[in-house]
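S.K.:
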Amino acid sequence: MGKSATAARLPRSKGTDMATVYEAKDCMRKVKYLVLPERNRRIVEEFMTILDMKEEFDRHGVPIPNKVVMYGPPGTGKTLTAFHVAASLGIPLIVVRLDSLIHSHLGETGSNIRKIFDYAKAVPCVLFLDEFDAVARTRESGDEVKEMARAVNTLLQCLDEFGDGSIFMAATNLETELDPAIWRRFDTRMTYRLPDEKERRDYIRLLIGDFGCEEEAQAEACRLLGGCSFADIEQIVLKAKRKAIIDRKPLGRAHIGLSYEEYAPAPAVSKERA
Ligand SMILES: Nc1ncnc2c1ncn2[C@@H]1O[C@H](COP(=O)(O)OP(=O)(O)OP(=O)(O)O)[C@@H](O)[C@H]1O
Ligand SMILES: [Mg+2]
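Heads up: the sequence shown runs through residues 1 to 274, numbered per the UniProt record's numbering.
1) Closer than 7 Å to a non-hydrogen atom of ligand 2 - does that hold for the CB of residue 171?
2) How about residue 239 and residue 263: do their beta carbons lie closer than 8 Å?
3) Can you list the beta strand (DSSP E) stretches of 3 or more residues lying completely in the stretch 112 to 174, in chain order?
4) The beta strand (DSSP E) spanning residue 190 covers which residue range?
5) Return the chain-ordered list of same chain residues with a C-beta closer than 7 Å to the C-beta of residue 80, the five sequence neighbours on each side being excluded.
6) Under a three-way DSSP split, which group does residue 237 fall into?
7) Nearest to residue 94 by alpha carbon, out of 44, 175, 11?
8) Quick one: what's got a C-beta closer than 6 Å to residue 186's C-beta in the same chain, skipping five residues either side?
9) For ligand 1, I want to know if residue 128 counts as a neighbour, meaning its beta carbon is within less than 7 Å of at least one of the ligand's heavy atoms.
10) Any idea if residue 215 is buried or exposed, counting beta-carbon neighbours within 10 angstroms, 16 or more meaning buried?
11) Taking residue 175 and residue 71 to be in contact with their CB atoms under 8 Å, please state how far apart those CB atoms are, rounded to whole angstroms.
12) Rounded to whole angstroms, what is the Cα-Cα separation between residue 75 and residue 59?
13) Closest by CA to residue 217, which one among 205, 48, 227?
14) Report whether the distance from the Cβ of residue 78 to the nearest heavy atom of ligand 1 is below 7 Å.
15) Taking residue 19 as part of the beta strand (DSSP E), name the residues at either end of that continuous run.
16) Rounded to whole angstroms, what's the CA-CA distance from residue 135 to residue 161? Just pull it up for me.
17) Compute the Euclidean distance between the alpha carbons of residue 275 and residue 114, then round it to the nearest angstrom.
18) On the criterion of 16 or more Cβ atoms from any shown chain inside 10 Å, does residue 252 qualify as buried, or is it exposed?
19) Please classify residue 70: does DSSP put it in a helix, a strand, or coil?
20) Taking residue 43 as the reference, give the member of 56, 188, 121, 27 with the closest Cα.
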């Protein structure tokens, strides 16, 4: 048996731990709802099924998948999916702190990458690297090219040597920046996008829950929040609920409208709606 994630010492860089450990029960608490497009739901479910049937896959000599890349716009559920996978597997989630991983000293970034992968090999866990593009930039581009090229090479080696005792998950908004060689290492790829109308409606319904609500408020929220990310929708609905509580009234169209106006979703969203 491997050591427990909290018992094993996290590698440190620049005087701080290089990652944060979330035990499975903390992960479960984080994921209240996860609305996934049908395709991603299928991918995640199959992934879990395969991990449950590990011995059978071993018997057939078919390797199990354990390297997942998620890409798409902010606030669409990439990080949440990592929490969900760890919670469902009942293993800890290790969230790497990118700022402490990337180092200006020559060779230090690569050595940090190796340390964090060694740690994840010793302890069954989901190793999660957010803003993955920052480490995995294509070897041709950018400044500090040589240092990053070295880091990318280390990352490639680490991915190749990563056993099947743990899961590696990476997320990025900038998939075009990823080195093609790294891209190839992933056995599971999931695209994330802004919610479509049905997903938006389902999510708003979940967020409102049993909070008292005017009949048209949900439909109004669904119409008004078109083009918003899940994260934006969550913030706007929460804001509207606060307003309703202050007013001592059920959640109404006006609360949704005002909250939307005040929250002012990112310019990209407004443009998309225009
Ligand atoms: N698909 C979703 N289903 C339910 N809630 C979601 C979903 N996507 C986002 N949320 C809500 O928004 C919050 C932020 O989402 P998350 O951190 O997963 O986004 P992300 O895709 O990782 O964004 P970024 O690219 O900025 O890291 C979540 O904690 C959750 O409350
Ligand atoms: Mg994220």
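Note that the Cβ used here is the ideal one computed from N, Cα and C, for glycine as well.
Fair warning: this is a prediction, and the values are worked out from it, not measured in the lab.
M.R.: According to the structure shown:
1) yes
2) yes
3) 126 to 129, 167 to 172
4) 188 to 191
5) 31, 34
6) helix
7) 11
8) 67, 69
9) no
10) exposed
11) 4 Å
12) 40 Å
13) 205
14) yes
15) 19 to 22
16) 18 Å
17) No answer is possible for residue 275: the residues shown for the chain start at 1 and end at 274.
18) buried
19) strand
20) 188
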